[in-house]
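Number of protein chains: 2
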Amino acid sequence: MALRSALLASAAGLSLGAHADEGMWMPSQLPEISAQLEAAGFKGDPKDLAVLTKPPMSAVVSLGGCTASFVSPQGLVVTNHHCAYGAIQLNSTPESNLLTNGFNAATRAQEVSAGPAARVLVTESFDRITDRILADARGKTGRAYYDAVDAASKAAVAECEQEAGYRCSVANMYYGTDFYLVKQLELKDIRLVYAPPESIGSYGDEIDNFMWPRHSGDFAFYRAYVGKDGKPAPFAQDNVPYQPKAFLEVSTDPVAEGDFTMLAGYPGRTFRHRTAAEFADQVQSQLPARIDLYGALIETIEGAAAGSADAGVRYASQLASLENGLKRARGELEGLGRSDAVDVKAKDEAAMLAWLAPRADAAATRADIDAAQAVIARSHATRERDTLFATMRSQTQLLKSALQLQRLAAERGKPDPERERGYQQRDEALIEASLKQAQRRYEPAVEKAVLAELLSRYFSLPADQRIAEVESVFGTDAAQAKAALDALYASTKLGDEAERLRLLAAPPAEVAASTDPLLQAAAKLLPAELRIEDADKAQEGELLRLRPAYMRALIGYRQSQGSAVYPDANSTLRVSYGKVSSLDPRDGVHYGPLTTVRGIVEKHTGVVPFDAPRPLRDAIAKGDFGSTADPVLGTQTVNLMTNLDTTGGNSGSPVLDANGRLIGLNFDSNWEAVSASWMYDPRYKRAIHVDVRYLRWLLAKVYPAPRLLEEMKLPAE
Amino acid sequence: MALRSALLASAAGLSLGAHADEGMWMPSQLPEISAQLEAAGFKGDPKDLAVLTKPPMSAVVSLGGCTASFVSPQGLVVTNHHCAYGAIQLNSTPESNLLTNGFNAATRAQEVSAGPAARVLVTESFDRITDRILADARGKTGRAYYDAVDAASKAAVAECEQEAGYRCSVANMYYGTDFYLVKQLELKDIRLVYAPPESIGSYGDEIDNFMWPRHSGDFAFYRAYVGKDGKPAPFAQDNVPYQPKAFLEVSTDPVAEGDFTMLAGYPGRTFRHRTAAEFADQVQSQLPARIDLYGALIETIEGAAAGSADAGVRYASQLASLENGLKRARGELEGLGRSDAVDVKAKDEAAMLAWLAPRADAAATRADIDAAQAVIARSHATRERDTLFATMRSQTQLLKSALQLQRLAAERGKPDPERERGYQQRDEALIEASLKQAQRRYEPAVEKAVLAELLSRYFSLPADQRIAEVESVFGTDAAQAKAALDALYASTKLGDEAERLRLLAAPPAEVAASTDPLLQAAAKLLPAELRIEDADKAQEGELLRLRPAYMRALIGYRQSQGSAVYPDANSTLRVSYGKVSSLDPRDGVHYGPLTTVRGIVEKHTGVVPFDAPRPLRDAIAKGDFGSTADPVLGTQTVNLMTNLDTTGGNSGSPVLDANGRLIGLNFDSNWEAVSASWMYDPRYKRAIHVDVRYLRWLLAKVYPAPRLLEEMKLPAE
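Those sequence lines, one after another, are chains A and B.
Each position in the first sequence, counted from 1, maps to that position plus 304 in the numbering used here.
Each position in the second sequence, counted from 1, maps to that position plus 304 in the numbering used here.
Here it is as structure tokens:
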């Protein structure tokens, strides 16, 4: 008898396009997959899900980077604590620290502004405008194709935004195959209503990040306000609550493994439909190179900051971000290896091309696909150099400031619509904030060490990769670079915030002609930046033109297998469905899909991030869980795990039951799922949510907010 | 509705003496608990288990520190790889490293000696001789009581050992309540038969130590040989295999959660029947003090050894042992806290005393109990000092050597039976080995730093705790200690191995009169050592006299609850029973009771200790598991978890099914069970075993040993 191990059998069986619970579907696709939705247990009408102006979809909103949802007819919004973090921080003072103490507005009048930048964006329409966007591009190639698409997109957005109170954008679906005009109502008076203490909202914080079992109360409430005329308006004391077209009903039912669930939100970016060559490149080059570079930068910054407590503080956030990037890259590499992603994708692509071969349009399609592959391959040739050059800007403060100032000076000479994205008038406030922020994150010795490390890597590139402008500024070897860096940083005035802000306001000609050595260096580097950007755009234009052949082949091939294809995530509204799911992360270990308050007590050490506040610990000890207790477990649940298909941007997404009622708030993924941005592996892909019963219990018994429970028509205990 | 959390309910319900699966029973007790054994699923006759000369008990043997069992009529013995480690190492050469490659004797002639010190001890009788041991002690107290027990024990042992081929000992049960004469056949020609490579036998090694899920093939085979007359004899080429009175049948059945299991072996030491005050002291003083001291010693040694690779190597083993002790102490403290042990024990003791109060013998019993408590409390008064003094010996090499040499010189003046245990003629070989070993584990700077650290702690003790001899050698403050240490180590000759061995052979008077400064220091310290030892013995005598009152009250109280009491472990043969058990170590996490080869692949990194050898990985990939595959999991199991009651010394213990057939070999406990030496918490106490099916598969398919499979009457594949 020759048995195959369960693992080997399962790995061998992993294939693409065939997982019942995979997919970030456009709402408009849901009627198309209604059979599988219903088979999975959805009890509503899939056609309703496609209508953005009807419940439940119209209740799901974007905060810009996070997702949220309306949960009352009076504009009450629920999202993650970490999505409301800035607003909570903004309203904190040394005397009244809302991060530490939480916030609980006793009346509507006590609700406080989440700040002038806070937004709630309600997607009202999502219209396919492919023909309009591509009309002028057809027949063009490269940079011209890119410019045509860019101009048509800007025009469509400008036209759409003529209606006051709306923000519009053009979303590119299936890598240039389709374009959609997204129109969002832009609510600007957002107020903080309720937040648990940080010790609940981010219990476990960085240590538990990506981990299960999890015990976080990562939720907070906002309310959206509008002017008395019902239209979006900036904060004003006498504004009135916005009355949404729909709001979600909060479930009062228990939840158990296997239950149907659905999630809607604004997932940021996935790469599932990239080519097999891109998969191989990610695993064999990109991720190892990133791990190497981030590791070296961390070592460099730590080394240069060692001994100076002040430098340590200034670079803490940059280091944390590099560490997080390193952790993610390692997790992604590990996960893609575990899923055998390169091989699985290669086999799938080969099968697709074999399916394509005998078809009528095969030759033309295959020509485009081959051309796309060639463009991608060429882009890899200068990638290391381009990464190093981009990192000189992204990992510095003063050099970045100098480059920003010179670039803005250059862009200001053009009419606003022709200015580069990121340097238009609407972006100047952001640039100012960045120039101010530089102050708190900079130390000359550290910045010089970072640049020296990047330049030493640059000097080891082959000769045909060199950038003349870099060499004219920094020389051609490490010794010259050291001397150049010492000279630049010894006499630049850009370390002075007032000087940076003065230059931001100064006439472009004065900036360009400045004698400040760092500004002069930036002026020398700018042509290289523009040249690389131009090459990128030409390449992007080619890929916009050519990738649709690959995507259409894939869609056709999947259709032949009986499957639909969702577009890769791009921050537009998507819907996933799946079920409440346990996880077997490794041999012998089984993670149940529900955690309970027992785990809060077990993890509590009294030290951040495991410092459960006394009222919570007392309430757990008391054991009075009322209507929110799980009837099977006989205790209070905290977090919930599903196999829903999510990625960054899905933070705060509502998790719904088969009847569309709110049962959870998405806030994280498990470690094993970091690689899901490239490949959904049903064995390991899980999403982590706040169980809405924990939220209800906290509002009922721990930090009571009877007003909100009543507003959501929930039991008082 | 007010529900209590499952955790709180369970913790509140934890009580002593009531767990079905707790207990390290003397075989003679098993008929007494036959009802509960049968209720648990045992299918044999519990009366048979009490007969040490019948199967299965006569098949279970001691290796001295480890347990093993006969598995064939030709003296084949199975135990843990880590128990046979020394024998495997002894037979390794640079050309043929058996640790790396494993060992597989193709014929009986190729079986190699496990070394002159290797033993297989077969317990043949276990007789209660309480009256004989206590006859002379009754009416005495303190040191006199101790000496009477000691003399009677030595006499009983000497008489028993008059029969050639036997080793005897007196075992103290229930803390002086009963004494048993243990008579063991001492087999001295032990040969190594089979060992997997270390990369299987200790897969995961220190990293996985105490961990589940586990994937270790921690087993090896010995064979016991005797002279042609069938009597124990030292190694001789023409000795013949020993034919045991019984051997275990190896099971060919599958194993599943909930199955009855039983384990026999020689557990070392437990403290379950210590007093509530001792529990509180362990948690509140002993463990925190140990954690503090070990932490400081680790820091001191690392600091003093830093910069010298050589010193690093010399102290690696001492550091590893301190780290392990620190880890265990932390685990014990954590576990006792989790089980609320202090409170549970206090409540149980109070209930016992309340049960005792109205009884006829209450006054006398209570008087002894109170007196015992007072002795224990007094012993705590000088404990910190005594620990520091003992540590000066145990954590040094040269000072220890000097103290050993002076003590031996003093003891050699007495008739052998009166010499202190550890310094009798039979012990001199061990002392010699220790003096030789000192060479490889010593560096003057490190030893001086360790003593300086201990002395600095000593100097902060209250004045009434001081030891005059310590001060006469090391002075009264840190500066004097430093000068004294520098002087001692600058001129001592004890760093020379030849000199130490010369002194071992020298006449006692010469040693006592030596001018070596360290030997002189040891001569000065010796009276303090003897004084503290005397005080310890007087205290031990009192506790031998008084603790039985506590134990008898406990036994009576448990009887009133319908429970029997097993004695605390003391390295004598014991039997536990329980079941194949999963574990929920913390909220949301469930560990299944069986691991599979999938986990070996998952953990494999190619780097020790996760360097699964290629033949194993190939065999796993091939998936040919034959008759050893688990029918439910459809793959090959590796390790097995039960709730059997075990402790150190149970390594190698056979795990039996309901019919007494071998299904596993015990080799470790889980991290959550480190505190089980004090309290058995059924929620967390688990034992970790090699699944015998993994052993069979390795012997059938990976490193084939058809000869052994045939000998054990097992399928060839």
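Where is the CB? At the ideal position from N, CA and C, for every residue including glycine.
Note that this is a predicted model, so its numbers are computed, not measured.
For residue i, name the three-state secondary structure that DSSP assigns.
i	result
B/Lys740	helix
A/Arg849	helix
A/Val869	coil
A/Val559	coil
A/Pro580	Residue identity check: residue 580 of chain A is Ala in the sequence provided, not Pro. If DSSP states are grouped into helix, strand and coil, A/Ala580 belongs with the helices.
A/Ile433	coil
B/Gln466	coil
B/Phe374	strand
B/Leu937	coil
A/Leu334	coil
A/Lys487	strand
A/Val912	coil
A/His684	helix
Less than 8 Å between the beta carbons of residue i and residue j, yes or no?
i	j	result
B/Gly369	B/Ala528	no
B/Leu966	B/Val996	yes
B/Met330	B/Tyr870	yes
A/Ala456	A/Ala439	yes
B/Ala676	B/Leu850	yes
B/Glu688	B/Leu765	yes
B/Thr951	B/His993	no
A/Val382	A/Phe523	yes
B/Pro420	B/Phe539	yes
A/Ser621	A/Arg745	yes
B/Leu1025	B/Ser979	Since the first residue of chain B shown is 305 and the last is 1021, residue 1025 of chain B is not available in this structure.
B/Tyr998	A/Val893	no
Just confirm the distance between the C-beta atoms of residue i and residue j, as a whole number of angstroms; I'd bet it's less than 8 Å.
i	j	result
B/Leu702	B/Glu773	At roughly 18 Å, the Cβ-Cβ gap does not stay under 8 Å, so B/Leu702 and B/Glu773 are not in contact.
B/Glu336	B/Ala857	That pair is no contact at about 19 Å.
A/Ala344	A/Ala372	Not really, about 25 Å apart at Cβ, beyond 8 Å.
B/Met983	B/Ala459	Not a contact, Cβ separation roughly 37 Å.
A/Ala842	A/Tyr570	The pair is not a contact, with the Cβ atoms about 30 Å apart (cut-off 8 Å).
A/Lys907	A/His519	6 Å
A/Leu320	A/Leu334	Going by Cβ atoms, the distance from A/Leu320 to A/Leu334 rounds to 21 Å, so no, they are not a contact pair.
Can you give me the Cβ contacts of residue i inside the same chain, cut-off strictly under 7 Å, excluding the 5 residues immediately before and after it?
i	result
B/Thr481	Pro852, Met855, Arg856
B/Lys828	Glu773, Ser776, Val777
A/Thr796	Leu702, Asp820, Pro821, Leu822
Return the chain-ordered list of same chain residues with a C-beta closer than 6 Å to the C-beta of residue i, the five sequence neighbours on each side being excluded.
i	result
A/Gly860	none
A/Pro889	Glu976
B/Leu807	Leu709, Val815
A/Ala313	With a pLDDT of only 35 at A/Ala313, under the threshold of 50, the placement of this residue in the model should not be trusted; the figure read from the coordinates follows. The answer is none, since no qualifying residue turns up.
A/Ile673	Ala853, Tyr854
B/Arg308	Any reading at B/Arg308 needs caution, since the residue's pLDDT is 32, under 50, leaving its predicted position unreliable; the model's value is listed next. Excluding positions up to five away in sequence, the list is empty.
Can you determine whether any heavy atom of the ligand ATP sits closer than 7 Å to the C-beta of residue i, and answer yes or no?
i	result
A/Ser400	This structure does not include the ligand ATP; it has no bound ligands of any sort.
Going by beta carbon distance, what residues of the same chain come within less than 8 Å of residue i, once the five residues before and after it are set aside?
i	result
A/Leu805	Glu736, Leu739, Lys740
A/Ile433	Ala460, Val474, Phe483, Tyr484, Leu485
Taking contact to mean 3 or more Cβ pairs, one atom from each stretch, closer than 8 Å, check whether the stretch 461-470 of chain B and the stretch 349-364 of chain B are in contact. Between the stretch 461-470 of chain B and the stretch 349-364 of chain B there are fewer than three inter-stretch CB-CB distances shorter than 8 Å, so the stretches are not counted as touching.
Would the stretch 753-767 of chain B and the stretch 779-794 of chain B be scored as touching if the rule is three or more Cβ pairs under 8 Å? Because the criterion of three Cβ pairs below 8 Å is met, the stretch 753-767 of chain B and the stretch 779-794 of chain B touch.
Should the stretch 578-592 of chain A be regarded as contacting the stretch 382-396 of chain A, the criterion being three or more beta carbon pairs within less than 8 Å? Output reads no: the stretch 382-396 of chain A does not touch the stretch 578-592 of chain A.
At least three beta-carbon pairs within less than 8 Å, the stretch 652-664 of chain A to the stretch 717-729 of chain A: Judged by Cβ distances under 8 Å, the stretch 652-664 of chain A makes no contact with the stretch 717-729 of chain A, as fewer than three pairs qualify.
Are the stretch 496-516 of chain A and the stretch 902-919 of chain A in contact at 8 Å, needing three or more beta carbon pairs? Here the stretch 496-516 of chain A lies against the stretch 902-919 of chain A, with 3 or more beta-carbon pairs under 8 Å apart.
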